[in-house]
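Sequence positions in the sequence shown follow UniProt numbering and run 1 to 162. Take a look at the structure set out below.
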Amino acid sequence: MDFDFQIITQEQAEGIAYNWKYDGEYAFYDLTADEEDLAEFLDGDQRGNSTYAVLDQGEMIGFYTFNELNESTIDIGLGMHPNLTGKGKGEAFTRAGVDFSIARYAPETLTLSVAAFNNRAIKVYKKVGFVPIGAFIQETNGSRYEFIKMSYPLSKQRIGRA
């Protein structure tokens, strides 16, 4: 699959925030479930140029946010359209985000955080090459939840740095 990454528009951000609703326990990922996350996602100044809509043949299938933690590490956040989750498309979507971040930012390490209950996503991330490096508790969605921090180390030679 050949995905197209474009800086997300306000209209796309609002569409995700208000229309993407996940089933069952995955409703945890609905942006409207946490007021702070919703406000941050909808604020173009806070999003800046670090959040991208991901399109496949012109249809928005997901989004990625890339946060530079330091000169060598990019932390990624991502979301797939609810109609596409659980259908075997996560690996290609995740690999596309990894490839894009390598091409765009040339990091030495990629990190992401995933809710500990989300075994489906954790399995995909491990398949792509992410490894768990720790766990933490975060307040979100009106409660406290455990998250798994994962890392995707990259060698300097692999990303074209000398």
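Where a beta carbon is used, it is the ideal one built from N, C-alpha and C, also for glycine.
query: Any heavy atom of the ligand ADP within a distance shorter than 6 angstroms of the CB on lysine 87?
result: You won't find the ligand ADP in this model; it holds no ligand whatsoever.
- prompt: Using the C-alpha atoms, what's the distance from glycine 48 back to aspartate 30?
  reply: Stepping through the sequence shown from its first residue, residue 30 is reached at position 30. Stepping through the sequence shown from its first residue, residue 48 is reached at position 48. Aspartate 30 and glycine 48: Cα-Cα distance of roughly 21 angstroms.
Where glycine 77 sits in the DSSP three-state scheme: For this step, residue 77 is matched to residue 77 along the sequence shown. In the structure shown, glycine 77 sits in a strand (DSSP, three-state: E or B).
message: Runs of 4 residues minimum, wholly inside the region 45-122: which ones carry the alpha helix (DSSP H) assignment?
response: Correct list: 90-105.
Contacts around alanine 135, its chain only, beta-carbon distance under 8 angstroms, and the 5 residues preceding and following it disregarded: What you label residue 135 is simply residue 135 of the sequence shown in a count that begins at 1. Correct list, in chain order: Ala116, Glu146, Phe147, Ile148, Lys149.
message: Is the separation between the beta-carbon of phenylalanine 41 and that of phenylalanine 100 shorter than 7 angstroms?
response: The residue you call residue 41 lines up with position 41 of the sequence shown. The residue you call residue 100 lines up with position 100 of the sequence shown. 7 angstroms or more divides the Cβ of phenylalanine 41 from the Cβ of phenylalanine 100.
query: From Tyr26, Glu68, Asn19, Ala27, pick the residue whose C-alpha is nearest to that of glutamate 108; which is it?
result: Within the sequence shown, residue 108 is the residue found at index 108, counting from 1. Nearest of Tyr26, Glu68, Asn19, Ala27 to glutamate 108, Cα basis: Glu68.
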